[in-house]
Structures are given as C-alpha cells and as structure tokens.
C-alpha cells in the first residue's frame, strides 16, 4: 500500500502542548505555501496509486477548501488514486461552518478527524483551545450533513485540572455523538513547548497513575459501546479503522509533502525542513526541501517493523526479532510479568499500558552475529 501525508502548518495560535511544525500569524503566505506544495509533489518520482491521503497540521481546516482540492487533484494526476481512496482531514471544531463542511466534502475529502480534545470548557481553556464544549457536537452534525463517510474525534486525557469525573463525562459525550472512530492520547510534555516551560517553572506534570486510570476508563467504555480497540490509542467501528495509520504501523510506504513532513519509501526515510521560510525558499529554487534522509539497514528495518507493529492489538509477526526479544533480559521480564507474549510466530503486547516499554526494549536490541534477517516473517 502507498499513502501520502500532506502537512498544512497554519494555526490561529500555537497550543501550549504542541511540538509539531506549525506557524501562527502567517496566513497571508497561504497561497504561496500551497504553490510550493504542488511543486514539491511534482518533484516526487511516480508511485501509487495512493490508497490513502492524510492532510494534517497545523490546522488544515483553516484554509480554503479549493486549495486542498488543488492538492488532491495534483496527487491524483501525479500518482493516481484508487476508487475507494481514504482522504482524511484534521479539523478544529470552530472552523467547521456549514459552508466549510460542504466545501471540503466537494473537494474530495471523505474522512474528518476533529481535534475536540475535551468536552469540558475549563479543560479546553487550559489546553489553549479556541472552541467550546458544544462546538464538538455541532461539528459532528455538520460533517454528517455534508456526507462524510467517516467522522473521528481526538481526545486528550490528564490535562491540567481535569478530574476523573470530567474525563469520564468527555468519553461519555464522545460516545453519545456516535462517531465512527475515536483516538485517546495522554497529554505529554514535549521539550521546547510552552507546557514544558510551565512544568520547568513549577507547574504540575501529568501524573502517570492518573494517565493509566483514565486510559483504562476510556478503553472499557469504548469497547463496551461497540468500538474495536485496534491500536493502542485508537478505537473504531467495524470498517472505520484509519487506513493511513494502519499503513504506517505496518511499515508501508508513505510519501510526505510540506513543512516538517516525514516520509518512508523503498527502505529510505526522509524528513523535510521545519523552518517555514527555508521550506518555501528551497522549493522555489527547485530543490527538494529535505533536512535529511536515511537508508534503513535490514536489521534496523526489522526492529522498526516490530516497534511499529506492537502498537497493533493483533500483534506483529515475530520474524528475526522474536528470538532476540525472547532472550533479552528486559524482554524476559515483560513476558514473566504477563505484559508481553513472544512466540515463534508473533509478538503481542498483552497490556497496552506497556506498549511504550516494549517498544523501547525492541529498539535497543542488538543484532546477534548469527541472525539472518529475512523480512517480515
């Protein structure tokens, strides 16, 4: 499967927890940026057809639908799109007016993911969000009215001031809106963000025990209400799993366009520059806007396959990593604690709260001299 990621960096303001490649106060450069996106797409060697496209940010819903239609059309011309292509858009609820919803639908977008984060106005204010709790429900209704095939909600837990009752109410409200997909993420403190500066200045950091409790609360409620827990942070109604994300976790190829975008193709990882002006200047000078690329060695590719695959609730093929993980002291400890299962055929995280711990162990595994890497098992 081949997918494509398109990054739209524009935001009204930068949220205190965000460490993505975003810009605020540069809306006057939107059309210039989209001209650069089209030029970058034209630089990419032929591939495809694309089975999924993910338009993220930033806040893609801030830009005119016709600009995104131009990008989708260029991707179709350059690489082709399968008949049932999934085209996802990240959106903020406050942008989702009736006209905007219809415009994005007509542009060829068929899946929308709303950054709702919470249905508690005090929590939203603490996160620096610009919408209110009722705006999330209004956005979902408008997406349904515009005919979107799939509607997803992103939620953040363990935000400053969020009580267990507030989180439970957020999950309950999200379920009541009957979306097709829900993602739940623990608030993390990323270096260089406003949130990290607040924590360094003495503000309380997210509590791991609180995060574990809230993760389990959401998982229990969502599964009980018919959602499949298909990835550590993601839940879907049958047939509504995000195909772009599935492709990434299965180590598929994905093209990447835009500021700070990361791609993977034919065993090569590449990343674009994160400085806005540098991105524009490089593309306008007919240079690929790359900050770097890396040819992935066979053993590293195998570790990456498992590192990504353990996020899936169905597990991942053991391949050459399985015996090494089973023999590793940290891997053995996780198996003995009932958190990890390693067989001749598969690797499965039994407790999703330990997914990151397993992933860290996997990335630290050294290739034994007699290990032959044979691919994906």
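Residue numbers (the working numbering): 11 to 387.
We put the beta carbon where it would ideally sit given N, CA and C, even for glycine.
Predicted, not measured: the structure shown is a model, and the values here were computed from it.
Query raised in the report: Taking the C-alpha atoms as reference points, what is the distance between residue 314 and residue 260?
Result: Within the chain shown, the letter at position 304 stands for residue 314. Within the chain shown, the letter at position 250 stands for residue 260. Roughly 10 Å between the two C-alpha positions.
Requested in this report: Indicate the three-state DSSP secondary structure (helix, strand or coil) for residue 355 in the structure shown.
Outcome: The count along the chain shown starts at 1 and reaches residue 355 at position 345. Secondary structure at residue 355: coil, using DSSP grouped into helix, strand and coil.
Query raised in the report: Nearest to residue 60 by CA position, among 49, 84, 46 and 48, is which residue?
Result: In the chain shown, residue 60 corresponds to position 50, counting from 1. Per the C-alpha coordinates, the member of 49, 84, 46 and 48 positioned closest to residue 60 is 84.
Query raised in the report: Mind checking residue 332: buried by the 16 CB within 10 Å criterion, or exposed?
Result: Indexing the chain shown from 1 puts residue 332 at position 322. So residue 332 ends up on the buried side.
Report task. Check whether the Cβ atoms of residue 16 and residue 65 lie closer than 8 Å to each other. Result -> By one-based count along the chain shown, residue 16 stands at place 6. By one-based count along the chain shown, residue 65 stands at place 55. Going by beta carbons, residue 16 and residue 65 fall inside the 8 Å limit.
**Report entry** CB contact flag (residue 317, residue 227, <8 Å)
**Finding:** Position 307 of the chain shown, counted from the start, is the residue given in the question as residue 317. Position 217 of the chain shown, counted from the start, is the residue given in the question as residue 227. Contact annotation: residue 317 and residue 227 have beta-carbon atoms that are not nearer than 8 Å.
Query - C-beta contact flag for residue 162 and residue 197 at 8 Å - result: Against the chain shown, residue 162 aligns to sequence position 152. Against the chain shown, residue 197 aligns to sequence position 187. For residue 162 and residue 197, no; Cβs fall outside 8 Å.
Query - Rounded distance between the beta-carbons of residue 146 and residue 129, thought under 8 Å - result: On the chain shown, residue 129 is found 119 positions in, with the first residue counted as 1. On the chain shown, residue 146 is found 136 positions in, with the first residue counted as 1. About 6 Å separates the two Cβ atoms, so the contact holds.
Report task. On the DSSP bridge assignment, give the partners of residue 238 in chain order. Result -> Counting from one through the chain shown, the residue named residue 238 turns up at place 228. Residue 238 pairs with 246.
Query raised in the report: Around the C-beta of residue 359, are 16 or more other C-beta atoms found within 10 angstroms, so that it is buried, or is it exposed?
Result: Stepping through the chain shown from its first residue, residue 359 is reached at position 349. By the 10 Å Cβ count, residue 359 comes out buried.
Requested in this report: Take the Cβ of residue 388 as the centre, count every other Cβ of all protein chains shown within 10 Å, and call the residue buried at 16 or more, exposed below.
Outcome: It is not possible to answer for residue 388, since the shown part of the chain is limited to 11 through 387.
Query raised in the report: Counting along the chain, where does the beta strand (DSSP E) carrying residue 54 start and finish?
Result: The residue labelled residue 54 in the question sits at position 44 within the chain shown. Segment: none, residue 54 is in no beta strand (DSSP E) and carries neither H nor E.
Query raised in the report: Exposed or buried, what is residue 273 when buried is set at 16 or more other beta-carbons lying within 10 Å of its beta-carbon?
Result: Within the chain shown, residue 273 is the residue found at index 263, counting from 1. Flag for residue 273 reads buried.
**Report entry** Buried/exposed call for residue 339, threshold 16 Cβ in 10 Å
**Finding:** Numbered from 1 along the chain shown, position 329 holds the residue referred to as residue 339. Exposed, because fewer than 16 other Cβ atoms sit within 10 Å of the Cβ of residue 339.
Query raised in the report: Between 370, 211, 51 and 175, which lies nearest to residue 265 when the distance is taken from Cα to Cα?
Result: Residue mapping note: residue 265 aligns to position 255 of the chain shown, counting from 1. Distance check between residue 265 and each of 370, 211, 51 and 175 places 51 closest, using alpha-carbon atoms only.
Query raised in the report: Who does residue 81 pair with in a DSSP beta bridge?
Result: Stepping through the chain shown from its first residue, residue 81 is reached at position 71. According to DSSP, which records beta bridges pairwise, residue 81 is partnered with nothing at all.
Query raised in the report: Mapping DSSP to helix, strand and coil, what is residue 24?
Result: Residue mapping note: residue 24 aligns to position 14 of the chain shown, counting from 1. If DSSP states are grouped into helix, strand and coil, residue 24 belongs with coil.
Query raised in the report: Is there contact here, the region 242 to 253 with the region 192 to 212, by at least three beta-carbon pairs under 8 Å?
Result: With a cut-off of 8 Å, the region 192 to 212 and the region 242 to 253 count as touching, because enough Cβ pairs lie within range.
Query raised in the report: Per DSSP, residue 124 is paired with what?
Result: Residue numbering aside, residue 124 sits at position 114 when the chain shown is read from its first letter. Its beta-bridge partners are 101 and 163.
Query - Nearest-angstrom Cα separation, counted from residue 335 out to residue 365 - result: For this step, residue 365 is matched to residue 355 along the chain shown. For this step, residue 335 is matched to residue 325 along the chain shown. Distance between the alpha carbons of residue 365 and residue 335: 14 Å.
**Report entry** Residue closest to residue 251, alpha-carbon to alpha-carbon, out of 309, 136, 140 and 123
**Finding:** Here residue 251 refers to the residue found at position 241 when the chain shown is read from its first residue. When each option's Cα is compared against that of residue 251, the closest is 123.
Query - Cβ pair residue 103, residue 148 closer than 8 Å - result: Mapped onto the chain shown, residue 103 falls at position 93. Mapped onto the chain shown, residue 148 falls at position 138. Contact: yes.
Requested in this report: Return the CA-CA distance between residue 370 and residue 344, expressed in angstroms with no decimal places.
Outcome: Working through the chain shown from its first residue, we reach residue 370 at position 360. Working through the chain shown from its first residue, we reach residue 344 at position 334. Computed Cα separation, rounded: 12 Å.
Requested in this report: With DSSP as the reference, label residue 65 as helix, strand or coil.
Outcome: Within the chain shown, numbered from 1, the residue matching residue 65 stands at position 55. Looking at residue 65 - three-state DSSP - the assignment turns out to be strand.
Report task. Could you tell me which uninterrupted beta strand (DSSP E) segments, each at least 3 residues in length, are contained entirely in the region 303 to 328, listed from first to last along the chain? Result -> Those beta strand (DSSP E) runs which fall completely within the region 303 to 328 and span 3+ residues do not exist here.
Requested in this report: Can you tell me which of the three DSSP states residue 251 falls into?
Outcome: Here residue 251 refers to the residue found at position 241 when the chain shown is read from its first residue. Coil at residue 251, not helix or strand.
Query raised in the report: Excluding the five sequence neighbours on either side, which residues of its own chain have a C-beta within less than 7 Å of the C-beta of residue 108, listed in chain order?
Result: Residue numbering aside, residue 108 sits at position 98 when the chain shown is read from its first letter. Take residue 108, set aside five residues on each side of it, and the residues of its chain with a beta-carbon closer than 7 Å to its own are 152, in chain order.
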